[in-house]
Amino acid sequence: ELRKKNFSVNAIEQDSRAVEYLQKYAGIKSYQYDFLKKKKNNLPKYNLITLNKVLEHLENPTKMLLNVKKNLTKNGFLYIELPDAKAQVLGKNAGEFEVEHFHVFSKKSVLKLLYLSGFKAISLKSIIEPSKKYTIYAFAKKIN
7 ELRKKNFSVN AIEQDSRAVE YLQKYAGIKS YQYDFLKKKK NNLPKYNLIT
57 LNKVLEHLEN PTKMLLNVKK NLTKNGFLYI ELPDAKAQVL GKNAGEFEVE
107 HFHVFSKKSV LKLLYLSGFK AISLKSIIEP SKKYTIYAFA KKIN
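Reminder that position 33 of the sequence shown reads as 39 in our numbering, one-by-one numbering, no gaps.
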């Protein structure tokens, strides 16, 4: 959708197969890089970085955000989507509590995660998606 509005869009992916797919079939310039393993990178600076349903899969989401922040421009924004702990109303078998999720978030924990990573939320909302998934999403700005 961003490309349709003439935005330049890149993908950063740790899996070389995903990079190849994105470039070949989606026509998206892609870089292979792992923010959790490598310290220095030659990636461009971005005005917006999105992490959709990523951070819950990481043991240390703060480390990821601290590293991602280095690739934002001075006035850059971060957009994140995370599973919402409100899904507890669905019971322990809700998708938000799947085995490969290390974390489920509340609005308060998202604010703390952002703050510890050097971001300030400028928008934070909790929704139930059409798929019935409970989701928190936030736009944030770098604070240091």
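Virtual Cβ for every residue (Gly too), placed ideally from N, Cα, C.
Just so it is clear, the structure is predicted and the values come from calculations on it, not from any experiment.
Within its chain, find whatever has a CB closer than 6 Å to the CB of S112; leave out the 5 residues flanking it on each side and keep chain order.
-> A91
Tell me A127's beta-bridge partners as DSSP assigns them.
-> A146
Can you name the residues that DSSP bridges to N58?
-> Paired residues: E87.
Helix, strand or coil at L78 [DSSP, three-state] | strand
Does DSSP put N53 in a helix, in a strand, or in coil?
-> strand
Can you tell me the Cα-Cα spacing of I134 and K59, whole angstroms?
-> Going from the Cα of I134 to the Cα of K59 covers about 14 Å.
Under 6 Å Cβ to Cβ from L120, same chain only, skipping five residues before and after it: list those, please.
-> Result list for L120: A127 and A146, in chain order.
Around the Cβ of Y31, are there at least 16 other Cβ atoms within 10 angstroms (buried) or fewer (exposed)?
-> exposed
Run the CB neighbour count on F108, radius 10 Å, all protein chains shown included, and call it buried at 16 or more, exposed below.
-> exposed
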